[in-house]
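Residue numbers (the numbering used here), protein chains in the order written: chain A, 48 to 223; chain B, 489 to 1069; chain C, 99 to 378.
Built from N, CA and C at the ideal position, the CB exists for glycine as well.
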Amino acid sequence: MSEATPQDQPINSLGVLLAHALAMENDAADRYGELADQMEMHRKKDVASIFRRLEKAEKKHLVELEELTAEMDLPHISPWDFKWGGESPEAIAVDRVSYQMSVRGAILLALDHEKQAYGFYSRVAAQTSDSEVRRLARQFADEELQHVAWLEEWRDKCGPDDEMPFDDPDPPLSQE
Amino acid sequence: MTVQSVSLTIAGSGGAGVVTAGSLLLDAAARAGWYALMSRSSGPQIRGGEAAAMLRFATEPIMSHDDSFHLLMAIDWDNITRFSAEIPLTANSLIVGDPAHGDAPAGLLKNTPRQAALPMSEIAGTIENGRPNMVALGAIAAMIGLPPAAMRIVVESALKKKGAAAIEASMAAFFAGIDAAKALPAIPRLPAVAVDTTPRWNITGNEATGLGAIRGGVRFVAAYPITPATEVLEWLAPSLAKVGGMLVQAEDELASINQIIGASYGGVPAMTATSGPGLSLMIESLGLAVAAEVPLVVVDVMRVGPSTGIATKSEQSDLNIAVYGLHGDAPHVVVAANSVADCLFTTQWAVHLAEAMQVPTLVLTDQAMGQARAILPKPAELAFIGQREVAAAAVEGQRYKRYAMTGSGVSPMAIPGTPGLTHTADGLEHNEFGTPSSQASDHQAQMDKRSRKISQFNYGDHWADIEDAEVGAGDTAIITWGSATGPAREALQRHADAGGKARLISLRLIAPVQPEKMAEALRGITRAVVVEQSHSGQFYRMLRAFYELPAKTLSLHQGGPLPFGPQQILDQLKQLAAGSA
Amino acid sequence: MESCVQKKKYLAKDYKSELKPIWCPGCGDYTVLNAITRALAEMALPPEEVAVVSGIGCSSRIPAYTSVYGFHGVHGRALPVATGLKLARPDLTVLVTGGDGDGFSIGGNHFLHACRRNVDLTYIVMDNQVYGMTKGQASPTTAPDWEGSKLTPEGTGINPFQPLVVGLASGANFIARVSASDPVNMAQIIVEAVRHPGFSLVQVLSPCVTFRPEQAVWRDTVRTAVVDYTDDAARAARRLMTDDGFNVGKVLYKGSRPPYRPEFEVSEGSIGELEARFAL
């Protein structure tokens, strides 16, 4: 929706790439965690567990990245200046989830975003003029591809019950 | 000793300058070393309506108006009968009118007062720029024994900006009035007093309320104009600015109360002042301040209700809404001033109570004391300053509990800006952290705590004024509150002068109730009269609900706007005494 | 902008509390919470120097979900609480959050006067055109023909309130509309709103997935406004008059009216002077 098209701009510095990677993993871990919390709050344990596992996976990435960049002086980039434009590619948009979503629905949504993350790193690798950036971007892209593979595996394991949107016969409640 | 006093009213229509005349008289009386009390009454017009200034002078402090007036000085008769109920006259009273305006209307003559003529306009006409109200003042001064020198000082001060000619014209009219008074019948004269070394103040109840707030530490006021509370705000606006505070005029009373909640949450002691209609609008947010434990003070200068009622006149009928108006069980504090001077004490005390207990505290005054101007002994310096228990620093490894359970029920409050103690204050029921909770156990614990902090607080002796007749309390008490205390005090004095024994109990702390202290105050008392200016006897009903009253207890209650006279209360004391014979 | 000077000491999550929101999954309010915390992190404001004030409603739950100082008051009165707080404590950054019912119906008068008074506050209104906490009644911004509530089964028949038009006419010093579907843009606008002096109004199109599920299309209906902000209120008014409510993502109006900011004068110790005026 943002009119700027930072997607078209190459990343030619390692610091900038790492700042992007840190932000992406951070956003993804946060978002998966929030979605897991939301689903737990609404007693949707199956869907919550999908998001919780993804949160853990992203946190693992994040820790590795933080170790890698611990001694580095990375540039500060404001959220709206990242070269993906808008929300970071791996973070599921919060308005895409639903109280009544199925396990399969959650997996498909995550799959979309993991593919977007893969797409981002692939584009950076293709566009950059810096060989070190290219090498690392490809490595990151491969890691995202692993997530895609896991998710596809989970998707295929989904039983028929997991594919059905949750049906709640009770009406919403009054609060304050 | 019963006060030796003289009471008079100056009345007239728009342009007659009766309010100005009353103020000049009050100021001159102050210069002369007297004590004084002045109330005003007026028609519904914004300008130009009929007005009356009711004054009482004495050589000792006075607490109340008298039962009747010795003198009615009528500059004209326009619509004057609207005041006839407020200006009780007896056969001994004297009406002085200007023959240029014809005869006194029949409505004033029910009790056949004496009458005399003073051609004020004609006399004023002989003096360049002379005004009838100054002629009237001259005559009054001569009749009551007010030294002309005192009036000169006051006139010079009041007319300084208008120049020497205006001052001389006024004084010439004043002296012409003194001359003309030689032909008038006598009314009581006050003796000249030696220069009084007792420091005295000239102050209204509303000003005293404002000063009490500032002395107590209030530095933020948000309010919406309303009669008869507006003068509290008008006094506070420039005065707060002088002591590092501010007053904001809000868009309505809902905004007033919520702005002061915000300011107080921010750590600045805060107050608003209003009257019944405004208090009604504030009630929901008073409950918020109870639940969120935000200290604040709300002054209600009561007027005649319900609804818009009679905005310019007094009644003690907001007691119920102040005590019971909040929905839910909402422990809060209600205090009431019982004189012009006490507006200062009680408001200052209220700030102290609100801050110490982190609780909204209502101060009830009323139009009669709020808009009355008095010459009175300088009020004592008080030690009360609002002191809030503040959480100053985070404790390592502990999450801050805004609503922590404590023995006193008061939880140290973190002020925004303090690192490590961030929290959300909430009107939703909550746990100790402030997190919303619908658990029965949290509700019970928080209710207990909010109740405990005000029930266990040490209110000291200030909960009531307890005064015995010089000859002792005997077995009789007058139990009262607020403005009714003034005439009750005078009734007690007159009763004592006639050899009667009695005790006055005037409650300052209306809520929470103090049954043990009351039982102590009523020890040996077998008869009582409860006095209040409420049509339904709100105070009497409250006393019956919460206190053990003597077996023989009369209820003297009447709605506004007419104040009690001391004699009305004295009659009840006599009736009580007769009943025991 | 990229800069090598790393002033940032805070992450968005540093502004979130441990408390988990009760909002329905998919609710736009999650996005707003995200955008607010991201904006605060971007401005690197110490949490204790920020306060979030709210009234009642789903969106008014935000303060407790943050780690800054919060005040959750009664329905419709967030703006006066925030006004009192900011005037008493000008050192704090004060945000106000709430919904369309809280702000424009029960709190409507305060909205007018908050705009007019122009205290330095940022007011973020999550507009979902419905009362969610009470099971989905029409709000002041609901279309007249919406028949989804038992309270108004034939629709309200009343034209919806126009928050930005009214805000502009009442004197708001900063006006923007954003979409809950773009949290990054929202964070950017919130930063601008906080930094702009005076009263800043940010309307968020925030869908209610439970009572207005049809609002899911907003994500695709909204479009980035084609023109940048104006400092001319008349131009802003003309734009709003032809606006369908779905132009988002940019600031519409930035005024230059000075904020209402009476100073606490520092002249302690003069209570004696006040008293002296009463002495004879």
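For residue i, count the other beta carbons within 10 Å of its own beta carbon; 16 or more makes it buried, fewer makes it exposed. Which is it?
i, result
"I256/C", "exposed"
"E978/B", "buried"
"G693/B", "buried"
"Y812/B", "exposed"
"K105/C", "Annotation note: pLDDT 49 at K105/C (below 50); position unreliable, coordinate value reported separately. With fewer than 16 Cβ atoms within 10 Å of its Cβ, K105/C is classed as exposed."
"Q1060/B", "buried"
"S152/C", "buried"
"R215/C", "buried"
"V681/B", "exposed"
"A1069/B", "Confidence at A1069/B is low in this model, with a pLDDT of 41, below 50, so its placement is unreliable and the value that follows should be read with caution. By the 10 Å Cβ count, A1069/B comes out exposed."
"H815/B", "exposed"
"T910/B", "buried"
Run through chain B and tell me which residues come within less than 9 Å of residue i, C-beta to C-beta.
i, result
"E290/C", "Correct list: empty, because the minimum Cβ distance to chain B is about 24 Å."
"P356/C", "Those do not exist, as P356/C stays about 16 Å from chain B at its closest Cβ, beyond 9 Å."
"V223/C", "Within 9 Å Cβ-Cβ: nothing; V223/C doesn't reach chain B, min ~17 Å."
"I134/C", "Correct list: empty, because the minimum Cβ distance to chain B is about 14 Å."
"V151/C", "G750, Y753"
Please compile the residues from chain B whose C-beta is within a distance smaller than 8 Å of the C-beta of residue i.
i, result
"E146/C", "P904, G905, T906, P907, G908, L909, T910"
"P360/C", "M734, V736"
"D189/C", "G905"
Report the residue from the options whose alpha carbon sits nearest the alpha carbon of residue i.
i, options, result
"V292/C", "D112/C, L131/C, L143/C", "L143/C"
"P261/C", "G234/C, G199/C, A139/C", "G199/C"
"A1007/B", "V785/B, I993/B, P757/B, V1019/B", "I993/B"
"V1001/B", "P1038/B, Y947/B, A990/B", "Y947/B"
"E917/B", "G171/C, S279/C, W121/C", "G171/C"
"G895/B", "Q886/B, M845/B, G502/B", "M845/B"
"N660/B", "G704/B, I611/B, A646/B", "Before going further, note that residue 660/B is Ala rather than Asn in the sequence given. If we check each option's Cα against that of A660/B, I611/B comes out closest."
"L177/C", "I154/C, S277/C, P123/C", "I154/C"
"W131/A", "D177/A, E190/A, D74/A, R182/A", "D74/A"
Going by the beta-carbon positions, is the gap between residue i and residue j smaller than 8 Å?
i, j, result
"P975/B", "F1027/B", "no"
"A961/B", "V839/B", "no"
"P783/B", "A829/B", "no"
"A842/B", "T849/B", "yes"
"S511/B", "H558/B", "no"
"I204/C", "H173/C", "yes"
"A133/C", "L109/C", "no"
"P219/A", "T232/C", "no"
"A999/B", "V789/B", "no"
"V194/C", "Y113/C", "no"
"N226/C", "G124/C", "no"
"L774/B", "I748/B", "no"
"H950/B", "S805/B", "no"
"L514/B", "W689/B", "no"
"L582/B", "A604/B", "yes"
"P136/A", "M71/A", "yes"
"T240/C", "V228/C", "yes"
Identify the contact partners of residue i in chain B, using a Cβ-Cβ distance below 7 Å as the criterion.
i, result
"R175/C", "L742, N746, S773"
Residues of chain C with CB under 8 Å from residue i, in chain order?
i, result
"H89/A", "C122, P123"
"R688/B", "A377, L378"
Could you work out which residues of chain C lie near residue i, taking near to mean beta carbons separated by less than 7 Å?
i, result
"E739/B", "N207, H208, H211"
"Q56/A", "None at all; the shortest Cβ gap to chain C is about 11 Å."
"R703/B", "I369"
Could you spell out where the alpha helix (DSSP H) holding residue i opens and where it closes?
i, result
"Y888/B", "Where Y888/B is concerned, there is no enclosing alpha helix (DSSP H), given that its DSSP letter is neither H nor E."
"H815/B", "Counting along the chain, H815/B falls outside any alpha helix (DSSP H), and DSSP gives it neither H nor E."
How is the beta strand (DSSP E) around residue i delimited, first residue to last?
i, result
"Q301/C", "298-303"
"F272/C", "272-277"
So which residues on chain C does residue i lean against when the C-beta distance must stay under 9 Å?
i, result
"A157/A", "Near A157/A there are no residues of chain C at all, since even the closest Cβ is about 14 Å away, more than 9 Å."
"Y146/A", "C122, P123, G124, V307, T308"
"S221/A", "M231, T232, K233"
"A710/B", "P178, T181, G182, L185"
Report task. Give the residues from the stretch 162-186 of chain C that approach chain D closer than 7 Å (Cβ to any Cβ), ordered along the chain. Result -> Within the model displayed, chain D is absent; protein chains A, B and C are what it includes.
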